[in-house]
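Reading through the structure tokens given below for one structure.
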Amino acid sequence: MKTKAILLLLFLGMSVSCLQAQTTDAPKVKKGMIKVTVLYPNGEGKTFDMDYYTKNHMPLMAKFFNLKIYAIDKGISSGTPGTPVPFLAIGYLYFDKLSDYETALAKHLDEIRADFPKYTNITPLIQISEVVQ
């Protein structure tokens, strides 16, 4: 019994240390970073290919913008039951400085626009924010 308890504690300790190592190495969103939010509004006849967006478009954006952090939300419900989601998807791109975004956007704008029809017929809304907390 004592051996089993020791093995269990050893296993749990190793598991926790592995989890901590994984989370501390991952880039983190920090106060002062620039967040570019790309919103894809829902509406009649609007289409969005989430599979292409996650497997192709966002990795392409990560390459163009040299992103360390990005995130994707898929709309699943609105605030009012029974009503359509306001946004089919939302993408988040994080930068250390606004100039990092602006420089890369100017360089790759045509390529980015050319990729839109491959996954959506929606004109996205863009908001640029500073991370406060």
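Quick note on this note's numbering: the sequence shown kicks off at 242 and runs consecutively. Positions of the beta carbon are idealized from the N, C-alpha and C atoms, including for glycine.
Item, Value
"8 Å Cβ cutoff, R354 in contact with chain B", "Any reference to chain B falls outside this structure, which holds one protein chain only."
"Residues sharing a beta bridge with D314, DSSP", "I331"
"Helix, strand or coil at Y293 according to DSSP, with G and I counted as helix", "helix"
"Length of the line joining the Cα atoms of G273 and S370", "9 Å"
"Sub-8 Å separation of K296 and P268 beta-carbons", "no"
"G284 and I313 closer than 8 Å at C-beta", "no"
"Backbone CA spacing between L339 and K287 [nearest angstrom]", "30 Å"
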